[in-house]
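Residue numbers (full-length UniProt numbering), protein chains in the order written: chain D, 1 to 141; chain U, 1 to 141.
Here is the structure we will look at.
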DNA sequence: CGGCATCCTAGTTGATACTG
DNA sequence: CAGTATCAACTAGGATGCCG
């Protein structure tokens, strides 16, 4: 994991600089970026992995911790995250059934960046809000 | 969770650890996170700010650099980014008209995190792809 | 408890045509 | 050149009901 530096044998011109031009369009990199953005950009995924950040959780627990999410969307979100290898789903053979979800190490590396973004959002919200007010006042509603 | 003691006058210490619980739901922080995610999570915004990362660009230039984007969506995306203070729009009084878009410093700080995320996406795509294949094979289509 | 199947709406995007 | 306007298509998401 440790996605610190990329391939040492690459002469440093690679991904990072390319990410925007190359990661832009219909390229492979572009698809990778789009994939991740589609996942964490949707309404609930980030909330789910955020809730799983430290502890593993059961289905209903997650539902309690994420106000407003429907059963359907929680299920769908969990399935996608599981499919992408970001969380694991463990069914315990008990009665009543108990299912636990847990962040994988891959999911753990993702959430670091997601949190950084969230942090940025919180810090810069005042500026964004101000910019909106300014914009709306000059561009008549 | 839900230690909902929200105090408008406590900005800095809190955020990072809270981001997930607190930034989760319908709180102020939650709205900030959602706002940003809605912006960079949409189909084109990240591509646009990525293209503006180094140089300022004209409308048609942007369109050329972002294959597949329609006039309409480019316009809408630019307007939203402008409204949020992430880019500036400069109209030069010439004939034919020339309009240039440029990243603001606020936009510049955002793109750092967005790029980190994009970088993560590129590096971990193989793992995600593998996870999907594994998932799809066990969960019969 | 932890789902899946179905129906349905509201918002987002794309194609197309027209304009200052 | 840099848009705006209109319409059609698609889809994410919510509500509901049933099941192992």
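Built from N, CA and C at the ideal position, the CB exists for glycine as well.
Given the structure is predicted, the values throughout are model-derived calculations rather than measurements.
Could you spell out the range, first to last residue, of the alpha helix (DSSP H) harbouring residue 98(U)? Taken as a continuous stretch (DSSP letters only), residue 98(U) belongs to no alpha helix (DSSP H), being part of the beta strand (DSSP E) at 98-103.
Range of the contiguous beta strand (DSSP E) that encloses residue 92(D): From DSSP, the beta strand (DSSP E) with residue 92(D) extends over 87-92.
Residue 78(D) to residue 40(D), Cα distance in whole Å? Looking at the two C-alpha atoms, the distance is approximately 12 Å.
DSSP has residue 53(U) in a bridge; who is on the other side? DSSP, once it has assigned bridges, lists no residue as partnering residue 53(U).
Please list, in chain order, all residues of the same chain as residue 61(D) whose beta carbon is under 6 Å from its beta carbon, the five residues on each side excluded. Nothing listed; no residue qualifies.
Could you work out which residue in 135(U), 102(U), 96(U) is closest to residue 56(U) when comparing CA atoms only? Of 135(U), 102(U), 96(U), the residue nearest in Cα terms is 102(U).
Mind listing the chain D neighbours of residue 77(U)? Cutoff is C-beta to C-beta under 8 Å, in chain order. Chain D residues near residue 77(U): none, gap ~13 Å exceeds 8 Å.
Since I believe residue 125(U) is in contact with residue 32(D) (beta carbons under 8 Å), could you give me their beta-carbon distance rounded to a whole number of angstroms? Sure, about 4 Å apart at Cβ, within 8 Å.
Are the CB atoms of residue 65(U) and residue 75(U) nearer to each other than 8 Å? Taking C-beta atoms as the reference points, residue 65(U) and residue 75(U) fail to come closer than 8 Å.
Which value, in whole angstroms, describes the spacing of the CA atoms of residue 46(U) and residue 114(U)? It is roughly 8 Å from the alpha-carbon of residue 46(U) to the alpha-carbon of residue 114(U).
Do residue 136(U) and residue 132(D) come within 8 Å of each other at the CB atom, strictly closer than that value? Not in contact: residue 132(D) and residue 136(U) (Cβ atoms no closer than 8 Å).
Beta-carbon proximity list for residue 44(U), same chain, < 6 Å, skipping 5 on both sides: In chain order, 69, 73, 77 place their CB closer than 6 Å to the CB of residue 44(U), counting only its own chain and leaving out the 5 sequence neighbours on each side.
Any idea if residue 80(U) is buried or exposed, counting beta-carbon neighbours within 10 angstroms, 16 or more meaning buried? By the neighbour-count rule (16 or more Cβ atoms within 10 Å), residue 80(U) is buried.
Rounded C-alpha distance that separates residue 59(U) from residue 105(U): The straight-line gap from Cα to Cα measures roughly 20 Å.
Would you report the Cα separation of residue 30(U) and residue 96(U), rounded to the nearest angstrom? Approximately 44 Å between the Cα atoms of the pair.
Residue closest to residue 108(U), alpha-carbon to alpha-carbon, out of 128(U), 90(U), 86(U): The shortest C-alpha separation from residue 108(U) is found at 86(U).
Tell me which residue opens and which closes the alpha helix (DSSP H) that residue 38(D) is part of. Where residue 38(D) is concerned, the enclosing alpha helix (DSSP H) stretches over 28-40.
Within 8 Å (strictly less), CB to CB, does residue 140(D) reach chain U? Chain U has no Cβ within less than 8 Å of the Cβ of residue 140(D).
Can you round the beta-carbon distance between residue 121(U) and residue 36(D) to whole angstroms, since I take them to be within the 8 Å contact cut? In this structure, residue 121(U) and residue 36(D) form a Cβ contact; the two beta carbons are roughly 4 Å apart against a cut-off of 8 Å.
Within-8 Å CB hit, residue 108(U) to chain D: In terms of beta-carbon proximity, residue 108(U) stays away from the interface with chain D, with every pair separated by 8 Å or more.
Do residue 90(D) and residue 99(D) come within 8 Å of each other at the CB atom, strictly closer than that value? For residue 99(D) and residue 90(D), yes; Cβs fall inside 8 Å.
Spatial distance of residue 93(U) from residue 130(U) (CA atoms): Roughly 54 Å separates the two Cα atoms.
To the nearest whole angstrom, what separates the beta carbons of residue 53(D) and residue 128(D), a pair I think is in contact under 8 Å? Residue 53(D) to residue 128(D), Cβ: 25 Å. No contact.
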